[in-house]
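Just so we're aligned: the sequence shown equals residues 399 to 617 in the working numbering.
The beta-carbon is built from N, C-alpha and C at its ideal position, and this holds for glycine as well.
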Amino acid sequence: MAGRPMNPLPPGTPKEVAELVLLMRELLRHHGNPSFAELAERSGLGKSTISHALGGQRLPNRHTMEELLKAIAGPDGLSGSERRDFLERWYRAQDRMVHGERQAQPVVPPPTADTAADGVMVEGDRIWLVQAKHRSPAGPEEAEGTRVWVFNADEHQAAAAEVAAATRALNAAMDRLEHATAEVAEARAVLREATERAGSTLRDTEAALRSADDTRTEG
């Protein structure tokens, strides 16, 4: 069932937010204009959340936007270029809400190996790299896979240090997990042996009791 027509965007809606919301509305019309109730059933989102996302009252978070786009597009889903476009617009809107209006300057992405970005945008101290298709560690290209990196130039070194610290913490945790796994395996072996001994003792006891009963019966 087609949904009712939506109201105009609220006055003063930031340009980047308005562009994103209008693009989502256009996608909605392209797919038959399903009602909010239908979208809620498909996505698991609340109708009020969907109403706010498509009404322009506030910028939806990325999860809400992605789930809503899946619900709108249906089984066919979005193409890689469509997802990339929505993500780029969402990051622009998010940056506008946090940092205010800036002058955006598109730049030509430098040629790199398998991490070459399909789109690069520099806006103030924010750098967006959006890659519609990327190569997995195993080698083959992941069709329709999307990655988005957002960098703050002033915080790049601090972020790298945080990544290094997190990597060290992860390695230490993996070492502890490996040690704990070995201890669990050893404990299981001890338990299995103890259970076998207990079973053997129980069988011996039962045999002795039967033998005693037989002796009393014969006497």
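- Around the beta carbon of R490, a 10 Å sphere encloses 16 or more other beta carbons of the protein chains shown; the residue is thus reported as buried.
- Our two residues, A435 and V496, have alpha carbons roughly 31 Å apart in a direct line.
- DSSP places P432 within a strand segment (E or B) once states are collapsed to three.
- By the neighbour-count criterion, in which 16 or more other beta carbons inside 10 Å mark a residue as buried, A564 falls on the exposed side.
- DSSP, read as helix, strand or coil, puts M422 in helix.
- For R456, there is no enclosing alpha helix (DSSP H), as DSSP gives it neither H nor E.
- Distances from the CA of L425 to each of E480, S449 and R601 were compared; the closest alpha carbon is that of E480.
- Put simply, the backbone Cα of A606 is about 20 Å away from that of T593.
- Counting the other Cβ atoms within 10 Å of the Cβ of E576 gives fewer than 16, which makes it exposed.
- Under a 10 Å Cβ-count criterion, E414 is classified as buried, with 16 or more other Cβ atoms of the shown protein chains found around its own Cβ.
- S446 places its beta carbon 9 Å or farther from that of K468.
- At least 9 Å separates the beta-carbon of L452 from that of R427.
- Secondary structure at N405: coil, using DSSP grouped into helix, strand and coil.
- In this structure, the CA atom of V419 is about 6 Å from the CA atom of G454.
- Counting the other Cβ atoms within 10 Å of the Cβ of T411 gives 16 or more, which makes it buried.
- Distance from the CA of P473 to the CA of D493, rounded to the nearest whole angstrom, comes to 31 Å.
- In the DSSP assignment, S479 falls within the unbroken alpha helix (DSSP H) covering G478 to H497.
- Check the Cα spacing between P409 and each of R456, R574 and S609: the tightest is with R456.
- Distance between R574 and G597, taken at the CA atoms: about 34 Å.
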